[in-house]
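As given, the protein sequences belong to chains Y and V, one line each in that order.
Our numbering applies: residue 1 is where the first sequence begins, and numbers increase by one.
Our numbering applies: residue 515 is where the second sequence begins, and numbers increase by one.
Working notes for the structure below.
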Amino acid sequence: MKGKKQFLTLLVICFLGLTLMAVGCSNADQTENKQELKIAVGEEFRVEDVWSHKGFNCLTYESLVTYDKEGKIVPLLADSWEIEQGGKVYTFHLRKGIKFSDGAPLNAGAVKNSFECMLKDSPEEEKRTPVKSINVVDEHTVSYVLKYPYALFLSEMARSFNPGAIVRPSPEAKITPYVGTGPFKLDEYVQTQYWSLVKNDNYWQGEVKLNKIVFKVIPDANTRALALEAGEIDMTGVDGFSRVSAEDISQLKNNPKFVVEKLPVLDNPSVQYIVVNYQKEPFTDLRVRKAIRHALNREEIDSVLGEGARTIEGPIPGEYPGFNPNIKDCYPYDLNKAKMLLGEAGWQDTDGDGILDQNGKPFKVTLKLHGQTPEWTKIANVFQAQLRKVGIDVKLEQLERGAHSDAVKLHDFEATFYSQMQYPMFYYSKRGWLNLYKNNELDQAFEQYFSSINQDQQQQAFLKTQEIIVDNVPMVLYYQTYHVFVKNKKVADFDLIPTSWNLIQNIWRSGIEG
Amino acid sequence: MLLVMFLVSGGTFFLIHLAPGDPAFLLAQARFGVEVTPEQIQWVGREMGFDAPAHVQYFIWINHLLDGDFGLSLRTDRPVLAEILYRLPATLKLVIAALAVSLFIGIPLGVISAVKPYSTLDNLSMFGALLAISMPGYWLALLFILVFSVHLGWLPVCGQGTFRHLVLPALTLGISGLAFKMRLMRTSMLEVLKQDYILTARAKGLKENIIAYKHALKNALLPVVALTGMQFGRMIEIAVIIEVIFAWEGIGKLLVDSIFARDFTMIQGCVLCITIFVVLGNLIADILYVFLNPQIRYEKG
Numbered sequence: 001m002k003g004k005k006q007f008l009t010l011l012v013i014c015f016l017g018l019t020l021m022a023v024g025c026s027n028a029d030q031t032e033n034k035q036e037l038k039i040a041v042g043e044e045f046r047v048e049d050v051w052s053h054k055g056f057n058c059l060t061y062e063s064l065v066t067y068d069k070e071g072k073i074v075p076l077l078a079d080s081w082e083i084e085q086g087g088k089v090y091t092f093h094l095r096k097g098i099k100f101s102d103g104a105p106l107n108a109g110a111v112k113n114s115f116e117c118m119l120k121d122s123p124e125e126e127k128r129t130p131v132k133s134i135n136v137v138d139e140h141t142v143s144y145v146l147k148y149p150y151a152l153f154l155s156e157m158a159r160s161f162n163p164g165a166i167v168r169p170s171p172e173a174k175i176t177p178y179v180g181t182g183p184f185k186l187d188e189y190v191q192t193q194y195w196s197l198v199k200n201d202n203y204w205q206g207e208v209k210l211n212k213i214v215f216k217v218i219p220d221a222n223t224r225a226l227a228l229e230a231g232e233i234d235m236t237g238v239d240g241f242s243r244v245s246a247e248d249i250s251q252l253k254n255n256p257k258f259v260v261e262k263l264p265v266l267d268n269p270s271v272q273y274i275v276v277n278y279q280k281e282p283f284t285d286l287r288v289r290k291a292i293r294h295a296l297n298r299e300e301i302d303s304v305l306g307e308g309a310r311t312i313e314g315p316i317p318g319e320y321p322g323f324n325p326n327i328k329d330c331y332p333y334d335l336n337k338a339k340m341l342l343g344e345a346g347w348q349d350t351d352g353d354g355i356l357d358q359n360g361k362p363f364k365v366t367l368k369l370h371g372q373t374p375e376w377t378k379i380a381n382v383f384q385a386q387l388r389k390v391g392i393d394v395k396l397e398q399l400e401r402g403a404h405s406d407a408v409k410l411h412d413f414e415a416t417f418y419s420q421m422q423y424p425m426f427y428y429s430k431r432g433w434l435n436l437y438k439n440n441e442l443d444q445a446f447e448q449y450f451s452s453i454n455q456d457q458q459q460q461a462f463l464k465t466q467e468i469i470v471d472n473v474p475m476v477l478y479y480q481t482y483h484v485f486v487k488n489k490k491v492a493d494f495d496l497i498p499t500s501w502n503l504i505q506n507i508w509r510s511g512i513e514g
Numbered sequence: 515m516l517l518v519m520f521l522v523s524g525g526t527f528f529l530i531h532l533a534p535g536d537p538a539f540l541l542a543q544a545r546f547g548v549e550v551t552p553e554q555i556q557w558v559g560r561e562m563g564f565d566a567p568a569h570v571q572y573f574i575w576i577n578h579l580l581d582g583d584f585g586l587s588l589r590t591d592r593p594v595l596a597e598i599l600y601r602l603p604a605t606l607k608l609v610i611a612a613l614a615v616s617l618f619i620g621i622p623l624g625v626i627s628a629v630k631p632y633s634t635l636d637n638l639s640m641f642g643a644l645l646a647i648s649m650p651g652y653w654l655a656l657l658f659i660l661v662f663s664v665h666l667g668w669l670p671v672c673g674q675g676t677f678r679h680l681v682l683p684a685l686t687l688g689i690s691g692l693a694f695k696m697r698l699m700r701t702s703m704l705e706v707l708k709q710d711y712i713l714t715a716r717a718k719g720l721k722e723n724i725i726a727y728k729h730a731l732k733n734a735l736l737p738v739v740a741l742t743g744m745q746f747g748r749m750i751e752i753a754v755i756i757e758v759i760f761a762w763e764g765i766g767k768l769l770v771d772s773i774f775a776r777d778f779t780m781i782q783g784c785v786l787c788i789t790i791f792v793v794l795g796n797l798i799a800d801i802l803y804v805f806l807n808p809q810i811r812y813e814k815g
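This is the structure:
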């Protein structure tokens, strides 16, 4: 009896000890108002590299221009600028009195030096950049001379990382070799776990209320939502690395402790699509492509997508500046029209099996996708069911990510999902390299867009590109993903900027209440 | 052991080079973001030496390895060895804690079930074991977080740092191992208790409990110990999911991320490292087995 008793007692003591330790130091995460904000991100993406894209760069490094609430480009470090010589020379006038966080003044020399640092650190930029040289005109005026007229130069300069960030090498800098002019500066970095920013006491725009911002690395979307509910973090969804899943969105919206905001991404609309191979039968026939668009019930697809994404009419969403309103409702949901178009193109159901056929061949399509984008899987199933109604048999083929991108690059597909990278570069066959759709008329419109210096001309060309794309239907379905941002109510409201990487730019105006 | 490492690393190298998808493209995406330009992809291809044929690349890697240079991560430019060593303690802590959970709870429960077969405790334990083995780790992890962190607030949701952070991940990782060991221990004990020498001990007049704990236990432990060594490797595999959910940055997650990004140097480094531990685990299990074994022969004599 003795041995067994001893053993059992030991076991019980172990258990009690564990429980006591766990309960005893219970969740003491209650913040006394220390003005410390905790944000969850999905990935620690090269924190020590100033030039890589991330959502918090705008808090530490600033650029000459930036975006406002409507996605327009507005002054930041520069208060005005001129574009001369047919779009080849951009002259910026810097604001006076701005200092870097180490006290050094911001002047034209510093701006030029910053660009040179960028070229030194990122050798692959040498070839890509449109900038030929930079001239220091006087202490507060700096001129960029481009190799060719480049309509997107201002939007590149609005980036708070490569190439637009204005940085200064300084011995006071932590984690990266540079200091910036932003409202916060980098402080601590514990690899794979978190990094923190502290406030810049000399911030030129005004006083910063928050003392510290901690970015915690939480890779799993579900865990981020749970951490938010448990109060371990105050905010998430601040950039492309910390998405909130659609199911979590609905749940968090119903929770009075949180504020959920859905924003379009205006600098680079996060658009994805199903594209058909216009060079392969039967998609060579425009009528077939149009028929498929008419056969898709976008309302049903939207309900499946839920919060966080929705289908759109053309390559850019309605909120995007320069959206062409003429392309709205070009292809309403109309099964009869779809069947009629397919009939005209020679597809009939001659053997009564419910699938259209022509010359003995049934209308079968394989739709390729990879499993890492949840929206694709959701859409694929509905797509399959909807096309079945007009007699098209869709087979789904799920590939590994690498295999999928291979297939897309080699145009080895009948239909596939993919994402649209920068618009409009993506469709310009001379610059874009996927060439999922090629059209001379389209290229001409793009030539005009890139080389025109007149705002009106640019606008015209931009509208035309959308019309051509929608008329020719290379993509049978487009959808956009929203930026979904969630914060705890105790964080004061501030203006959110609807772009990929500047979302929380104005957070320095906010603070923690109560 | 060296042979195993050589074979495994070589095999991995060629396998991942066979994987579809242009490595330069995927790497460039991992480094620069989804919107890569053709110039960036070309730069990656040149810089990372992808233009050389696969076996040449492998020998270059081995060459550097013999100098102690594991190379730089193709994705983040940080040294491979440093990255691995930084994350290794995290995974080891997790795996050892999980093993501890499965051993120190599983074995006693198994023993008690065997000593009192078909009792309420036994039936409960067996049912619990079945549940534990059937539940998917991902789901179980989220359930634990929901109950213990969000609703009860006893434990933190995720992250590393204090002992409290270790509790949930170790529990989730260890629970299937626990169930397994419990059942095995029970079966093993029952087998041993039927043996002749146990009968002899009873005939000698020794108390039932001394029989159970002194004689039978040591012998019944043998198969469980042998299996634990083998489980070490499996644990690292399941640890990947646990690591992702609990934001526990360890080798498992590093390996998976590297595979998706085609970060060849990191993959090779991780695989080598994991191989070493799996082999070590088996070695330790073998040694323990031999250590426990002679005692049987001693007793029987």
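Ideal placement from N, C-alpha and C gives every residue a C-beta, glycine not left out.
Specify the secondary structure class of histidine 404 of chain Y as computed by DSSP and reduced to three states. Helix at histidine 404 of chain Y.
> With a cut-off of 9 Å, does the C-beta of leucine 503 of chain Y fall near any C-beta of chain C?
Replying inline: Note that chain C does not occur in the displayed structure, where the protein chains are Y and V.
**Proximal chain V residues relative to leucine 226 of chain Y, where beta-carbon distance stays under 9 Å** = By Cβ distance, chain V contributes Leu656, Ile659, Leu660, Ser663, Val664, Val671 and Cys672.
- For arginine 601 of chain V, go through chain Y and note every residue whose CB falls closer than 9 Å to its CB, in chain order. Within 9 Å Cβ-Cβ: Gln191 and Thr192.
Review point. Along chain Y, which residues have their Cβ under 8 Å away from the Cβ of arginine 776 of chain V?
Key: Here the neighbours are Gly402.
> Given glycine 182 of chain Y, which residues of its chain have a CB within under 6 Å of its CB, disregarding the five upstream and five downstream residues?
Replying inline: Here the set comprises Leu59, Thr60, Tyr61 and Glu62.
task: Please list the partners that tyrosine 758 of chain V has in chain Y, where partner means a Cβ-to-Cβ separation under 7 Å.
output: Residue identity check: residue 758 of chain V is valine in the sequence provided, not tyrosine. Per Cβ cutoff of 7 Å: Pro219 and Asp220.
Between histidine 53 of chain Y and chain V, is any beta-carbon pair separated by less than 9 Å? With 9 Å as the cut-off, histidine 53 of chain Y counts as an interface residue toward chain V.
Beta-carbon proximity of alanine 538 of chain V to valine 522 of chain V, cut-off 9 Å:
No, they are not a contact pair.
ask   = When the Cα of phenylalanine 791 of chain V is compared with those of V/Val804, V/Ile750 and V/Trp668, which residue comes out closest?
value = Of the candidates V/Val804, V/Ile750 and V/Trp668, the one whose C-alpha sits nearest the C-alpha of phenylalanine 791 of chain V is V/Ile750.
Considering just the uninterrupted stretch of the alpha helix (DSSP H) at tryptophan 376 of chain Y, what are its terminal residues? Element bounds for tryptophan 376 of chain Y: 374 to 388.
Counting only beta-carbon atoms, is serine 405 of chain Y nearer than 9 Å to chain V?
Yes, because at least one Cβ of chain V sits closer than 9 Å to the Cβ of serine 405 of chain Y.
message = On the DSSP letters alone, give me the boundaries of the beta strand (DSSP E) that glutamate 36 of chain Y sits inside.
response = Note, glutamate 36 of chain Y: beta strand (DSSP E), 36 to 41.
Exercise. Would you identify the three-state DSSP class for phenylalanine 444 of chain Y, choosing helix, strand or coil?
Key: The question names phenylalanine, yet the displayed sequence has glutamine at residue 444 of chain Y. Look at glutamine 444 of chain Y here: in three-state DSSP terms it is helix.
By the criterion of Cβ-Cβ separation under 7 Å, what are the contact partners of phenylalanine 539 of chain V in chain Y? Per Cβ cutoff of 7 Å: Ser405.
(message) Quick test of your reading: isoleucine 497 of chain Y and lysine 54 of chain Y, contact by CB under 8 Å. State the CB separation rounded to the nearest angstrom.
(response) About 15 Å separates the two Cβ atoms, so there is no contact after all.
Check: With a cut-off of 8 Å, do at least 3 Cβ pairs link the stretch 132 to 151 of chain Y to the stretch 478 to 486 of chain Y?
Finding: With the cut-off at 8 Å, the stretch 132 to 151 of chain Y and the stretch 478 to 486 of chain Y do not touch.
Item to complete: Show which residues of chain Y have a CB atom less than 9 Å away from the CB atom of alanine 763 of chain V.
Response: Note on identity: in this sequence residue 763 of chain V is glutamate, with alanine being the wrong assignment. Within chain Y, the residues near glutamate 763 of chain V are Glu44, Gln191, Thr192, Gln193, Val217 and Pro219.
Consult DSSP for phenylalanine 184 of chain Y and reduce its assignment to one of helix, strand or coil.
Of the three classes helix, strand and coil, the one that applies to phenylalanine 184 of chain Y here is strand, per DSSP.
- Task: Give the straight-line distance between the Cα atoms of isoleucine 301 of chain Y and phenylalanine 383 of chain Y, rounded to the nearest whole angstrom.
- Result: Our two residues, isoleucine 301 of chain Y and phenylalanine 383 of chain Y, have alpha carbons roughly 8 Å apart in a direct line.
Is it true that the stretch 260 to 276 of chain Y meets the stretch 413 to 425 of chain Y, where meeting means three or more beta-carbon pairs spaced less than 8 Å apart? Judged by Cβ distances under 8 Å, the stretch 260 to 276 of chain Y makes contact with the stretch 413 to 425 of chain Y, as three or more pairs qualify.
_I need the boundaries of the beta strand (DSSP E) containing lysine 328 of chain Y, first residue and last residue._
From DSSP, lysine 328 of chain Y is part of no beta strand (DSSP E); its letter is neither H nor E.
- Message: Less than 6 Å between C-beta atoms, sequence neighbours within five positions excluded: which residues of the same chain meet that for phenylalanine 584 of chain V?
- Response: Contacts found: Val594, Leu595 and Gly783.
Selected residue, minimal CA-CA separation from valine 706 of chain V, among V/Ala730, V/Leu685 and V/Val518: Among V/Ala730, V/Leu685 and V/Val518, the Cα nearest to that of valine 706 of chain V belongs to V/Ala730.
**Prompt:** Are any of the Cβ atoms in chain V nearer than 9 Å to that of aspartate 495 of chain Y?
**Reply:** Aspartate 495 of chain Y does not count as touching chain V.
Item checked: Closest residue to histidine 294 of chain Y among Y/Glu313, Y/Asn324 and Y/Tyr331 (Cα-Cα distance) -> Comparing Cα positions, the closest option is Y/Tyr331.
* Using a Cβ-Cβ distance under 9 Å, would lysine 361 of chain Y count as near chain V? -> The beta carbon of lysine 361 of chain Y sits no closer than 9 Å to any beta carbon of chain V.
Problem - Best match in Y/Asp329, Y/Asn472 and Y/Arg289 for proximity to alanine 415 of chain Y [C-alpha to C-alpha] - result: The residue with the shortest Cα to Cα distance from alanine 415 of chain Y is Y/Arg289.
### Query
Between which two residues does the alpha helix (DSSP H) harbouring glutamate 247 of chain Y extend?
In the DSSP assignment, glutamate 247 of chain Y falls within the unbroken alpha helix (DSSP H) covering 246 to 253.
* To do: Tell me whether tyrosine 632 of chain V is buried or exposed, calling it buried when 16 or more other Cβ atoms sit within 10 Å of its Cβ.
  => When all chains shown are included, tyrosine 632 of chain V counts as exposed.
* **Span separating the alpha-carbon of alanine 345 of chain Y from that of lysine 464 of chain Y** => Roughly 27 Å between the two C-alpha positions.
Let me confirm a value: histidine 404 of chain Y is counted as buried when at least 16 other C-beta atoms fall within 10 Å, else exposed. Which label applies? That one is buried.
Exercise for the section: Compare the C-beta of aspartate 536 of chain V with all C-beta atoms of chain Y and state if any pair is closer than 9 Å. Expected result: Aspartate 536 of chain V counts as touching chain Y.
Q. DSSP on threonine 236 of chain Y, reduced to helix/strand/coil?
A. In the three-state reduction of the DSSP assignment, threonine 236 of chain Y falls in the strand class, which pools E and B.
Quiz item: Going along the chain, which unbroken runs of the beta strand (DSSP E) with 3 or more residues stay wholly within the stretch 34 to 120 of chain Y?
Solution: Entirely contained in the stretch 34 to 120 of chain Y, the beta strand (DSSP E) runs reaching 3 residues are, in chain order, 36 to 41, 65 to 67, 73 to 75, 78 to 84 and 89 to 94.
Check your understanding: What does threonine 595 of chain Y touch in chain V if you count any residue whose Cβ is under 9 Å from its own?
Key -> Limits of chain Y in this structure are 1 at one end and 514 at the other, which puts residue 595 of chain Y out of reach.
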